[in-house]
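In terms of my numbering, the sequence shown opens at residue 484 and continues consecutively.
Positions of the beta carbon are idealized from the N, C-alpha and C atoms, including for glycine.
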Amino acid sequence: MLEQLHGKEIDFKGSVLGFKELNKFEFNVVDAETPYVFLQSKEDQAVGFLVTVPFVFNSEYSLEIDDHYKEILEIHRHEDVIVLSIVTIKEPFEQSTMNLLAPIVINISNGLGNQIVLPPKCPYGTKEPLFKQIEVESGE
């Protein structure tokens, strides 16, 4: 699924949090067999993010995109939306986390994106275990 994003350019309406001066990004698929893609800044090659589809790792994850963001991203059909989470890579990789509180929402039909912050009452954090099932099995 993510391999279709390879080379697709994204224009952020708003920015990735902490990088307000960067709005143009491009997807790079490193390995089509994994659920990860690299979101690379076109304006600063030193800035990039490993991202993934959060639903692959957390089947209970859900969010509602409010009308404000639907308007900014020109979202008219839910089929045009992809939701991604930024992965924080840790050593070993099994201890990596993902940001479920501030997902990246992209309209793949027009290439517009934005990182949104979910309401404070939501049950998600910025450092959710990527491999939650592994933690449960190991007793952590």
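Cutoff 6 angstroms; reference residue i; Cβ partners in own chain excluding five residues on either side
| i | result |
| --- | --- |
| F532 | L522 and I569 |
Opposing strand residues paired with residue i [DSSP bridges]
| i | result |
| --- | --- |
| V588 | V566 and N597 |
| S498 | Answer by DSSP bridge pairing: none, since S498 is not bridged. |
| V534 | V520 and I569 |
| I493 | F508 |
Counted within 10 angstroms of its Cβ, other Cβ atoms place residue i as buried (16 or more) or exposed
| i | result |
| --- | --- |
| V499 | buried |
| F554 | In the sequence as presented, Phe is not what sits at residue 554; that position holds Glu. Classification of E554: exposed, given that the 10 Å Cβ count is below 16. |
| S542 | exposed |
Same chain, Cβ closer than 7 angstroms to residue i, neighbours up to 5 away in sequence not counted
| i | result |
| --- | --- |
| D563 | N590, I591 and S592 |
| V530 | F502, L505 and S524 |
| L488 | F510, V512 and V520 |
Residue i, DSSP secondary structure in three states
| i | result |
| --- | --- |
| F576 | helix |
| E547 | coil |
| E554 | helix |
| E526 | coil |
Beta-carbon gap between residue i and residue j smaller than 8 angstroms
| i | j | result |
| --- | --- | --- |
| V539 | L567 | no |
| P518 | L556 | no |
| I587 | Y552 | no |
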